[in-house]
Amino acid sequence: MRKKEREPDYRSFVNKKKIPIITLDPKWHELFPDDAKTAVIRQLEKKLNDLLKQQGKLVNEIKDMKKLKMQLMNQIVASMGEGATEEAERKRGKKTEVSQKMILEINDKLEVRNDELLDIPYKIREANELLVVECLKYWYSLIQENTADIKKLDSWIMSVREELKSRLLEKQEKEEINQKVYSYMHNLLGHDVINKFDHSFVDKGSDIE
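Counting with numbering that gives the first Met the number 0, you get residues 0 to 208 for the letters of the sequence shown.
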């Protein structure tokens with residue numbers, strides 16, 4: 000009994016490898032149209048794409064918060080010379096207090112968002128590697144299946160080729176015999192008789208076919 004071939008350790012193929020994000024690669028999508036994706040591949044693809052979206056969202060949120068923080072700080076600096084009267088100073092102080100409170104809130108949010116952003120690349124890499132491993136499993140199975148089919152097709156092509164070769168030789172042999180017969184009959188009986196022979200027998204034979 001033939002020993003079952005051991006499946007490769009796919010995870011070892013991707014460990015410590017710098018693998019590009021495959022869902023961003025057009026060639027990957029060519030190899031994996033929607034109807035070819037397994038349920039697991041679909042799930043892992045969605046997880047990876049969601050992480051990429053989350054990363055982009057965090058980058059934009061951090062950028063917007065830094066912009067708002069800078070605007071608030073500029074407002075505080077700009078209002079420093081506005082306290083000409085006691086009332087104006089009171090309003091300026093209240094406005095500054097609100098701005099400072101908002102800046103502190105922004106700082107807290109920035110800290111959280113930056114921590115999340117630091118973790119995202121590791122999560123993306125892990126999700127990408129899991130997707131690659133699942134793709135390798137699919138490709139390995141596909142290659143095995145195609146290889147078996149190729150062997151069958153090669154065998155069929157060889158048999159057809161041999162049959163075609165035999166048929167061509169048979170055809171060539173019959174054509175040569177016909178040529179020899181015609182040549183001999185022509186020399187023996189003459190051109191006119193051969194023409195009559197063609198009309199009487201060969202044409203009838205063609206009609207029968």
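C-beta atoms are modelled at their ideal positions from N, C-alpha and C, and glycine is treated no differently.
Item: Residue nearest to residue 27 in terms of C-alpha spacing, selected from 191, 134 and 151; Value: 134
Item: 8 Å contact criterion, which residue 115 and residue 57 should meet: CB distance rounded; Value: 6 Å
Item: Nearest residue (CA-CA) to residue 37, options 196, 168, 191 and 137; Value: 137
Item: Three-state secondary structure assigned by DSSP to residue 189; Value: coil
Item: Simplified DSSP assignment, three categories, for residue 37; Value: coil
Item: Segment limits, alpha helix (DSSP H) that includes residue 16; Value: Unbroken run through residue 16: none, as it is neither H nor E.
Item: Three-state secondary structure (DSSP) of residue 184; Value: helix
Item: Contacts around residue 1, its chain only, beta-carbon distance under 7 Å, and the 5 residues preceding and following it disregarded; Value: At residue 1, the pLDDT of 48 sits below 50, so the modelled position is not reliable and the matter cannot be decided from this model.
Item: Beta-carbon spacing of residue 18, residue 131 below 7 Å; Value: yes
Item: Residues near residue 64 by beta carbon distance below 8 Å, same chain, minus five either side; Value: 105, 108, 109 and 112
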